[in-house]
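One structure below.
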Amino acid sequence: MPHEVRVRGFSELSEGLALDFLHPVPAEVTCSSCHDLVGILWLSPSCDHRFCTRCLEQLLGQASKSFCPVDQAEIFRGQLVEDTSVQVKASQFQVWCSNKEQGCTVTLRICDLREIQGERDMLRNQLNEVNASLKGLNLGFEHHCTHTASVQNELRHRVQQLEQQMAQLNVQGAPAQPQVGRLLSGLLATLLPQTWPPIRDSIRQRSHNLLNEKQACLRRKDEMITQADGQFRWLLKEYSRTRRHQRHGTHRYSSSPVFCTGMPGYRLQLRIHLNGMGQSRKGRFMAVQLVLLKGPHDAQLPWPFRHRVTITLVNQTGPQHVSYTINDPSFPRPQGDHTVPYVWQEFVAISDLEASPGLAWNDSLLFELSVTPPAPPPPGLYPPL
């Protein structure tokens with residue numbers, strides 16, 4: 184009897200990959216709502232059920248509590264506990280080879296499958312990089328070939344002109360004509376090979392530039408912006424291309440740089456779902472998530488996080504901005520990499536976004552994040568615990 188379960192949230196494994204397990208998957212490592220095997224689950228102490236981040240976003244949305252879909256017990260955002268043991272437990276589960284229907288009887292552990300797929304993806308990425316580099320080198324080579332051909336044509340044209348002028352000379356110049364022709368032929372044979380070194384140097388320089396661009400791209404991924412006043416701006420470029428990649432690729436959102444409110448300070452990040460979240464909103468609304476990340480100075484900060492947060496999609500040519508505010512998100516201190524995201528599933532309709540030139544000005548979206556500390560308590564009152 185097949186035991187097919189979808190897998191999500193495992194590094195090096197394709198998101199939503201359906202695997203046929205050798206034995207039934209235990210309930211404590213699957214989401215109680217969607218029943219997927221997910222790398223990180225959130226435990227609700229009130230009902231002892233575990234949920235993935237996606238299902239929790241659908242249950243909680245912008246609310247601080249909801250009801251368990253299994254037993255209708257109350258679920259509180261601030262009481263959720265991150266369970267990261269799923270990765271370790273699931274790594275030893277046995278799965279059938281994807282070619283089982285063709286007669287293959289091999290079984291693999293999840294950890295072995297991840298290594299195999301990781302090696303496959305690494306080789307595929309290396310092949311794509313080589314192909315891209317070769318394509319760039321080919322374009323440079325074709326350009327220099329064209330330039331070389333024009334030089335050759337120019338030299339031939341000048342030789343023909345000289346030969347025509349020599350033909351018009353009187354008889355006294357006839358004996359010198361063969362010698363001049365030999366000199367011109369030697370000059371042509373000498374100049375043409377000299378065109379190769381510039382081509383070779385240009386190809387080397389282009390390869391060096393491609394490597395530098397790749398390294399710069401990797402450095403930008405680790406970018407963190409620190410602003411003590413809590414005012415951040417982020418420009419998401421190539422909106423159309425990024426939306427197509429999210430729709431057809433495995434990564435369904437774009438992450439902003441990490442916003443740090445000071446030293447020490449809270450670490451926040453935006454996740455932009457350009458094609459929306461959930462089947463009913465997919466392709467109709469852009470969704471925005473606010474994530475509180477684990478930081479190295481969390482022990483020095485007050486918890487829960489009660490700052491006032493405003494997220495604005497800026498109209499770059501007019502005053503019609505799109506803005507939402509959370510007065511008190513009450514984020515608990517992250518126990519894992521981050522807390523359960525705060526989500527706006529209908530941040531802006533895609534039809535409104537693309538109908539307003541200022542919101543997607545020059546194919547870019549400009550986001551502003553404003554983080555304001557809570558007001559101090561009135562004199563004589565203790566601050567909230």
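Taking our numbering, I'd label the letters of the sequence shown as residues 184 to 568. Just so it is clear, CB atoms sit at the ideal spot from N, CA and C, and this is done for glycine as well.
(1) Output the distance between the C-alpha atoms of T555 and C230, rounded to the nearest integer angstrom.
(2) So the beta strand (DSSP E) H431 belongs to, where does it begin and stop?
(3) Please check the pair V492 and L473, which I expect to be a contact at CB under 8 Å, by giving their CB distance rounded to whole angstroms.
(4) Report all residues from its chain with a CB closer than 8 Å to the CB of V441; omit the five preceding and five following residues, and keep chain order.
(5) In the DSSP output, what is Q277 paired with across the bridge?
(6) How many Å lie between T290 and G199 at the Cα?
(7) Within a Cβ cutoff of 6 Å, which residues of the same chain sit near I509, ignoring the five residues on either side of it in sequence?
(8) Can you check which of these residues, A482, W544, P479, Q518, is closest to G501 by C-alpha distance?
(9) Give every residue of the same chain whose Cβ lies closer than 6 Å to the Cβ of N498, excluding the five residues on either side of it in the sequence, and list them in chain order.
(10) How long is the line joining the alpha carbons of E529 and I382, rounded to whole angstroms?
(11) Thinking just about the alpha-carbon of each residue, which of Q344, A558, L552 is nearest to the one in R416?
(12) Return the CA-CA distance between C400 and H480, expressed in angstroms with no decimal places.
(13) Once DSSP output is grouped into helix, strand and coil, what is the label at L549?
(14) How big is the Cα-Cα spacing for G432 and R454?
(15) Over the uninterrupted beta strand (DSSP E) stretch that includes I408, give me the two end residues.
(16) Under a three-way DSSP split, which group does A470 fall into?
(17) What three-state label does DSSP hand K283 in the structure shown?
(18) Counting C-beta neighbours from all protein chains within 10 Å, is the total for L306 16 or more, i.e. buried, or is it exposed?
(19) Can you give me the start and stop residues for the beta strand (DSSP E) that E240 sits inside?
(20) For G413, collect the residues of the same chain with a Cβ closer than 7 Å to its Cβ; drop the 5 residues on either side in sequence, then sort them by chain order.
(21) Where DSSP assigns a beta bridge to V554, which residues make up the other side?
(22) Within a Cβ cutoff of 6 Å, which residues of the same chain sit near Y507, ignoring the five residues on either side of it in sequence?
(23) Would you identify the three-state DSSP class for S438, choosing helix, strand or coil?
(24) Have a look at V531 and Q388 and give me their C-alpha separation to the nearest angstrom.
(25) What's the C-alpha gap between T329 and T373?
Answer, in terms of the structure:
(1) About 35 Å.
(2) Run containing H431: none in the beta strand (DSSP E); it sits in the alpha helix (DSSP H), 422-431.
(3) Contact annotation, V492 with L473: C-beta distance approximately 6 Å; criterion of less than 8 Å satisfied.
(4) Answer for V441: E406, M407, I408, R450, L451, Q452, L476, listed in chain order.
(5) Q277 pairs with R292.
(6) So the two alpha carbons sit approximately 20 Å from each other.
(7) If we look at I509 and ignore the five residues flanking it on each side, its Cβ neighbours are V492.
(8) Residue nearest to G501 within the set A482, W544, P479, Q518 is W544 (criterion: CA-CA distance).
(9) Counting only Cβ-Cβ distances below 6 Å, and skipping sequence neighbours, we find H504, G541, L542.
(10) If I take the Cα positions, the gap works out to 54 Å.
(11) Cα-wise, what sits closest to R416 is L552.
(12) Confidence in C400 is poor, its pLDDT being 46 and thus under 50, which makes the residue's placement too unreliable to answer from.
(13) Three-state result, L549: strand.
(14) Rounded to the nearest whole angstrom, the CA to CA distance from G432 to R454 is 16 Å.
(15) Its beta strand (DSSP E) spans residues 407-409.
(16) Shown here, A470 sits in a strand according to DSSP, grouped into three states.
(17) Note: K283 maps to helix in three-state DSSP.
(18) By the 10 Å Cβ count, L306 comes out exposed.
(19) Going by DSSP, E240 is part of no beta strand (DSSP E) but of the alpha helix (DSSP H) stretching over 236-243.
(20) If we look at G413 and ignore the five residues flanking it on each side, its Cβ neighbours are T444, S553, V554, T555.
(21) V554 pairs with V492.
(22) So the qualifying residues of the chain are I494, W527.
(23) For S438, the three-state secondary structure derived from DSSP is strand.
(24) Straight-line measurement puts the Cα of Q388 at about 45 Å from the Cα of V531.
(25) Looking at the backbone, the Cα of T329 and that of T373 are separated by about 19 Å.
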